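Numbering (my numbering), first residue to last: 1111 to 1220. All C-beta atoms, glycine included, are put in the ideal place defined by N, C-alpha and C. No experiment lies behind these values; they were computed from the predicted model shown. What follows is a set of notes on a single structure, which appears directly below.
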Amino acid sequence: MVTVCLHGKEVRYERARRACLGRLLTELEGRAVGEVMVESRTVEDPHDRGFLTGLRRSGQVSRELAVCWRSPETDPLLWAADIVVGATTSWLDGEAACFEMPADKIELID
């Protein structure tokens, strides 16, 4: 599943990232996913965890959804997510060639 926040230059990166992360977590939980791995950004991880706490307190994400942070150096599968995101954003920019292979595996949600 890929979440993308289409935004103008006035929207800060972190705000867009949190919008994507929040939507991703709620969608995955709604599909009965039990565990989510998030790419660690070391310095920003405490902010991500605080955001997750806020989602849980507001009832948007339950405590049953396990969320862990991992480094791509220790978990190479995180690179696969980067590849899919890159293909999706290229497709959104009008470069469909990168998207043809995974297109049938990706569901677009408004």
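| task | Look at the Cβ atom of Leu1134, then the Cβ atom of Thr1113, and state whether they are nearer than 7 Å. | result | Yes.
| query | Is Gly1169 buried or exposed, if buried means 16 or more other CB atoms sit within 10 Å of its CB? | reply | It is exposed - the Cβ of Gly1169 has fewer than 16 other Cβ atoms within 10 Å.
| task | Just mark Leu1162 as buried or exposed, buried being the case when its beta carbon has 16 or more other beta carbons within 10 Å. | result | Classification of Leu1162: buried, given that the 10 Å Cβ count is 16 or more.
| C-alpha distance - Asp1203 paired with Val1153, whole-angstrom precision | Taking the straight line from one Cα to the other gives about 30 Å.
| said: Using a Cβ-Cβ cutoff of less than 7 Å, which residues in the same chain neighbour Arg1159 once the five nearest sequence positions on both sides are dropped? | reply: none
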